[in-house]
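Peer 1:
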């Protein structure tokens, strides 16, 4: 099964630590397609994605804030303008249906995992909002 991994991390966390945490939540039959996060973590996303041999995508806080998620953090909302980073990034990067791994915190790293939707345009924004554009690169 192809999956999207959303990540969040406190300042100073390196790619090695994120990869370690990601590896603890992945199932053996899952193939990571994308690492996704907020644009402020672009360097971290690039390093993780490059190391794992997958693509990395980032979104602005306002794009992430348009996504309804099952968890939220007032601290994260104050810091980046979205109450969710990992879960919202998973949704924007193409995961539909229930999350395979909901928001999981290990130390200073947050991860969430969702199955890749085979149907394009699966993201449904909150009422009155338009679908965001996304920034992506392939490593």
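Numbering (the working numbering), first residue to last: 272 to 410.
Even glycine gets a Cβ: it sits at the ideal position worked out from N, Cα and C.
Bear in mind the structure is a predicted one, so any value in this text is a computation, not a measurement.
1. Quick one: Cα of residue 372 to Cα of residue 281, how far?
2. Along the chain, where does the alpha helix (DSSP H) that runs through residue 321 open and close?
3. Assuming residue 308 contacts residue 382 under a Cβ cut-off of 8 Å, what Cβ separation, rounded to an integer in Å, is found between them?
4. Give every residue of the same chain whose Cβ lies closer than 8 Å to the Cβ of residue 302, excluding the five residues on either side of it in the sequence, and list them in chain order.
5. Nearest to residue 360 by alpha carbon, out of 324, 384 and 325?
6. How do the segment 285-294 and the segment 342-354 stand: do at least 3 beta-carbon pairs fall below 8 Å, yes or no?
7. For residue 276, does the count of other Cβ atoms within 10 angstroms reach 16, so buried, or fall short, so exposed?
8. Residue 332: which of 315, 339 and 310 sits nearest, CA to CA?
9. Work out the CA separation of residue 326 and residue 300 for me, nearest whole Å.
10. Measuring only the C-alpha atoms, how far is residue 278 from residue 337?
11. Bridge partners for residue 306 per DSSP, in chain order?
Peer 2: On the basis of the data shown:
1. The residue given as residue 372 occupies position 101 in the chain shown. The residue given as residue 281 occupies position 10 in the chain shown. Roughly 20 Å between the two C-alpha positions.
2. Counting from one through the chain shown, the residue named residue 321 turns up at place 50. Its alpha helix (DSSP H) spans residues 313-323.
3. Counted from its first residue, the chain shown places residue 308 at position 37. Counted from its first residue, the chain shown places residue 382 at position 111. 10 Å between Cβ atoms; not a contact.
4. The sequence position of residue 302 within the chain shown is 31, counting from 1. Only 272, 273 and 274 meet the Cβ criterion.
5. The sequence position of residue 360 within the chain shown is 89, counting from 1. It is 384.
6. no
7. As a first step, residue 276 must be located in the chain shown, where it is residue number 5. By the neighbour-count rule (16 or more Cβ atoms within 10 Å), residue 276 is buried.
8. Within the chain shown, the letter at position 61 stands for residue 332. If we check each option's Cα against that of residue 332, 310 comes out closest.
9. As a working mapping, residue 300 is identified with position 29 in the chain shown. As a working mapping, residue 326 is identified with position 55 in the chain shown. Cα-Cα distance, rounded: 19 Å.
10. If you number the chain shown from 1, residue 278 lands on position 7. If you number the chain shown from 1, residue 337 lands on position 66. Taking the straight line joining both Cα atoms gives about 17 Å.
11. On the chain shown, residue 306 is found 35 positions in, with the first residue counted as 1. In the DSSP output, where bridge partners are listed per residue, residue 306 has 276 and 327.
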